[in-house]
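Novice: Have a look at this one.
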Amino acid sequence: MPHVMLVDDDRECLLALSNRLKFAFRGYGLKVDIADGAATGLILAHEGHYDALLVDVLMPGINGLKFVEQLRHTQPRVPIIMMTGGDVNICEEQAARLGLMACLSKPIDFVQLRLLVHEVLKDEKQRVGGRQRGGRQRPQRLTMLNGKRLHERPV
């Protein structure tokens, strides 16, 4: 079952995105965990495996970029979609260094988010399917910034 985590200090945003993602991917049986801050997100990330994370940049305490830096020590390959209500350029500048899948501006364009999550779930399904058949498939991760397709790269 696909498993994603949403990390944001805005509880209303967490609940709305969680409900919309669960509904949009009900055929996948998507499980969505929510964390109301980076500290909670790090605890959850260390306790379980996630197929993708959606992380807000601007949070009190540990911001989203620091959260990703810390997370990369234990989960270097998990796809991460950043979101911000602030300057998206800050996120875009850090995208390559942190291995971000995408940076989205708030309010979130849900159609764009749905496409990104679908890409992650499709890649995960191919990766798991390849393992079950004994093959070594290397899915491509779509890298997008602000809705612009930059390139595809091996995961």
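Under the working numbering, the first residue of the sequence shown is numbered 906, with each subsequent residue one higher. Beta carbons are placed, not taken as given, at the ideal position from N, Cα and C, and that holds for glycine.
Lys927 lies in the alpha helix (DSSP H); which residues open and close that run?
Specialist: Here residue 927 is taken as the residue at index 22 of the sequence shown, counted from 1. Element bounds for Lys927: 916 to 929.
Novice: Quick one: residues in its chain with C-beta nearer than 7 Å to the C-beta of Arg916, no 5 flanking neighbours on either side, listed in chain order?
Specialist: Start at 1 with the first residue of the sequence shown, and residue 916 comes out as number 11. Taken in chain order, the residues that qualify are Asp941.
Novice: DSSP on Lys1011, reduced to helix/strand/coil?
Specialist: Stepping through the sequence shown from its first residue, residue 1011 is reached at position 106. Coil.
Novice: Between the C-alpha atoms of Pro965 and Asp1028, what's the straight-line distance to the nearest angstrom?
Specialist: Mapped onto the sequence shown, residue 965 falls at position 60. Mapped onto the sequence shown, residue 1028 falls at position 123. So the two alpha carbons sit approximately 33 Å from each other.
Novice: Round the Cβ separation of Leu947 and Val909 to the nearest angstrom and send it over; I've been treating them as touching at under 8 Å.
Specialist: Counting from 1 along the sequence shown, the entry for residue 947 is found at position 42. Counting from 1 along the sequence shown, the entry for residue 909 is found at position 4. With a Cβ gap of about 16 Å, Leu947 and Val909 do not count as contacting.
Novice: Only counting runs of 4 or more residues, tell me where the alpha helix (DSSP H) segments fall wholly within the stretch 946 to 991, in order along the chain.
Specialist: The qualifying runs are 969 to 976.
Novice: Is Met910 near the ligand MN, in the sense that its beta carbon is under 7 Å from a heavy atom of that ligand?
Specialist: This structure lacks the ligand MN, and indeed carries no ligand of any kind.
Novice: Can you tell me the Cβ-Cβ gap for Thr989 and Asp961, rounded? I've got them flagged as a contact below 8 Å.
Specialist: Translated into positions along the sequence shown, residue 989 becomes position 84. Translated into positions along the sequence shown, residue 961 becomes position 56. Confirmed, about 7 Å.
Novice: Roughly how many whole angstroms lie between the Cα atoms of Asn1070 and Gly932?
Specialist: Because the chain is modelled from 906 through 1060, residue 1070 falls outside the range shown and cannot be assessed.
Novice: Straight-line CA distance for Cys918 to Ile939?
Specialist: Your numbering for residue 918 matches position 13 in the sequence shown. Your numbering for residue 939 matches position 34 in the sequence shown. Rounded to whole angstroms, Cys918 to Ile939 spans 10 Å at the Cα level.
Novice: Give me the Cα-Cα distance between Lys927 and Leu920, rounded to the nearest whole angstrom.
Specialist: Here residue 927 is taken as the residue at index 22 of the sequence shown, counted from 1. Here residue 920 is taken as the residue at index 15 of the sequence shown, counted from 1. About 11 Å.
Novice: Alpha carbon to alpha carbon, how far is Phe930 from Val1025?
Specialist: For the purposes of this step, residue 930 is taken as residue 25 along the sequence shown, with counting starting at 1. For the purposes of this step, residue 1025 is taken as residue 120 along the sequence shown, with counting starting at 1. For Phe930 and Val1025, the distance between alpha carbons rounds to 12 Å.
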